[in-house]
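Below is one structure, written out as structure tokens, with a few remarks after it.
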Amino acid sequence: MAGPVVAERLHDILLRLFGLEAPVRLYAWDGSVAGPTEAPAVRVHSRRAVRRLLWRPDELGLARAFVAGEIEVDGPILTALERLAPFGRSIGARPELTAADRSELMRAAVYLGAVGPAPKPPEEEITGAERRHALDRDTAPSGSPDNPVGTRFLARVFGQTLMLGSGYWAEPGMSLDDAQRAGLQLACRKLGLADGTSGERATRVLDVDCGWGTFLLHAAEHHAVSGLGITASAEQAEQATKRAVDAGLAGRVEFRVADWREVEADPFDAIVAYGLADYVGADRLGEYARTLHGLLRPGGRLLVNQVGRRGEPLAQERSFLDAYVHPGAELLPVGTITNTVEDAGLEVRDVETMREHYARTVRAWVANLEGAWDECARQASPGQARVWLLYLAVSALAFEAARISAYQLLVVRPHTDGRAPLPATRSAWQH
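Each residue of the sequence shown is one higher than the one before, starting from 14 at the first, in the numbering used here.
What follows is the structure, encoded as structure tokens:
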């Protein structure tokens with residue numbers, strides 16, 4: 014191979030694979046450079062990246078090369094992905110290659126030394142028994158297995174509150190932690206924990222899929238409630254319990270490893286559920302709603318925080334999300350969720366779209382991860398850190414482009430005579 018010309022060949026390969034010129038400046042492993050000077054810089058470190066794309070010319074092939082560290086993007090990843098968005102939309106499905114395309118690709122692959130068997134997926138990809146477990150709604154009903162990156166990593170990314178839900182950016186100049194605390198307080202007001210305006214103040218709360226216990230700890234500290242938090246993660250339950258002890262709240266709140274179908278307790282005054290419908294799935298959403306109905310006393314309130322899709326289903330066979338983050342997860346339209354909740358005998362009283370709040374929150378998480386990259390890569394692994402970076406970045410852009418949205422549903426279980434003791438207007442929680 015005479016001279017540093019790999020980058021030019023890579024541009025040709027991308028053009029053949031995806032049908033348009035990639036708007037990137039490519040830096041190849043031989044030191045060659047090609048592409049517009051003002052375009053995002055993408056560094057291709059090895060021939061394995063090329064081989065991955067030849068075997069898998071789609072979103073998953075690109076994701077595997079990124080997670081493996083075979084390609085990387087210079088500068089903030091969100092800036093690069095925003096510039097690459099039109100190109101990215103064109104590779105949502107595998108392209109139909111002509112015979113001439115295949116012949117030219119083979120010649121280019123031989124020239125680059127990229128011919129060979131398909132590379133193994135990075136070890137971070139969820140495959141085999143781990144994937145079967147995640148897809149089994151009976152053995153992994155909440156979709157929250159022990160995380161492979163550790164609490165220190167997540168605290169560095171998600172902030173002091175360790176809250177994986179969205180913040181509420183109510184005022185200019187708020188920090189991520191400020192927004193998260195504002196979101197927690199908004200949830201408390203909607204559930205009737207913050208005051209007695211409804212006449213039936215909630216004092217006993219169930220947090221379904223409670224994570225690190227952030228919501229329940231906030232409610233217990235600021236509004237003197239007691240409650241139970243359940244999670245499928247032993248690590249989360251242990252850490253949440255430790256946080257309760259450290260805060261002097263161990264006598265008021267309890268955290269345990271449990272499935273939502275296993276809770277045996279007197280009905281609660283209020284229930285909060287962050288995102289569990291993703292993992293329950295459409296087939297079991299009705300069972301889930303009926304179970305929550307039974308766990309809520311008449312007059313009690315349920316707050317559902319849910320990411321949902323807009324329009325047609327987003328799932329693709331072995332997409333990045335399916336392969337690395339949430340195998341089998343379903344993003345449901347908000348209408349499906351509201352109809353199912355109502356069919357279970359509950360009443361939806363308010364729906365607030367939180368899309369912009371989620372977009373801003375996830376952008377803040379991306380900034381935290383990039384700002385502490387070396388530390389986070391050590392705490393987890395470089396591959397796991399790349400999975401989180403790519404996941405958060407594409408999620409932020411999906412919220413901003415309205416490809417997905419997020420909703421907060423306030424639901425009540427009416428009394429048998431139809432009474433639903435809620436404030437007459439939204440002003441009770443909009444302050």
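Note that beta-carbon positions come from the ideal geometry of N, C-alpha and C, so glycine has one too.
If you're wondering where the values come from, they're calculated on a predicted model, not measured in any experiment.
Buried/exposed call for residue i, threshold 16 Cβ in 10 Å
i	result
His231	buried
Ser116	exposed
Trp378	buried
Asp71	buried
Gly529	Nothing can be reported for residue 529, as the shown portion of the chain is limited to 14 through 444.
Ala98	exposed
His428	exposed
Asp430	exposed
Glu136	exposed
Pro340	buried
Ala122	buried
Lys203	buried
Trp68	exposed
Glu53	Note that residue 53 is Pro in the sequence shown here, rather than Glu. Buried is the call here.
Met367	buried
Arg194	buried
Ser408	buried
Pro49	exposed
Val317	buried
Gly172	buried
First through last residue of the beta strand (DSSP E) which encompasses residue i
i	result
Pro185	Element bounds for Pro185: n/a, residue is neither H nor E.
Ala54	54 to 57
Ala286	281 to 287
Thr244	239 to 244
Arg322	309 to 322
Glu234	That residue, Glu234, is in no beta strand (DSSP E); its alpha helix (DSSP H) goes 227 to 236.
Leu262	From DSSP, Leu262 is part of no beta strand (DSSP E); its letter is neither H nor E.
Arg61	Note, Arg61: premise wrong, no beta strand (DSSP E); alpha helix (DSSP H) at 60 to 68.
Leu359	First-last for Leu359: undefined, no H or E at that position.
Tyr40	38 to 40
Secondary structure of residue i, DSSP reduced to three states
i	result
Leu28	helix
Asp459	There is simply no residue 459 to check, as the chain begins at 14 and stops at 444 in what is shown.
Glu275	helix
Leu345	coil
Gln173	coil
Ala437	coil
Glu85	strand
Arg297	helix
Leu204	coil
Val354	helix
Ala20	helix
Asp363	strand
Ala131	coil
Ala215	coil
Val338	helix
Ala47	strand
Gly431	coil
Glu137	coil
Ala35	coil
Glu95	helix
Glu109	coil
Gly163	coil
Beta-carbon proximity of residue i to residue j, cut-off 8 angstroms
i	j	result
Ala283	Ala233	no
Ala370	Ser179	Contrary to the premise, residue 370 reads as His rather than Ala in this sequence. Yes; because the gap between Cβ atoms is below 8 angstroms, this pair is in contact.
Phe228	Leu197	yes
Val55	Val19	no
Val80	Leu382	no
Gly313	Phe281	yes
Ala239	Val221	Checking the displayed sequence, the identity of residue 239 turns out to be Ser instead of Ala. Cβ atoms of Ser239 and Val221: not closer than 8 angstroms.
Ala253	Arg362	no
Val57	Ile84	yes
Arg94	Leu344	Rather than Arg, the amino acid found at residue 94 in this sequence is Leu. Cβ atoms of Leu94 and Leu344: not closer than 8 angstroms.
Ala336	Glu34	no
Leu125	Arg61	no
Leu402	Ala76	no
Leu262	His236	no
Val218	Thr244	no
Val63	Leu30	no
Thr164	Glu248	yes
Limits of the unbroken alpha helix (DSSP H) element including residue i
i	result
Asp454	Lying outside 14 to 444, the shown extent of the chain, residue 454 is not represented and no answer is given.
Leu75	72 to 80
Val375	368 to 384
Val270	Not the alpha helix (DSSP H): Val270 falls in the beta strand (DSSP E), residues 266 to 270.
| query | Residue ranges of each beta strand (DSSP E) run of no fewer than 3 residues wholly in the segment 393 to 428, ordered along the chain? | reply | 417 to 425
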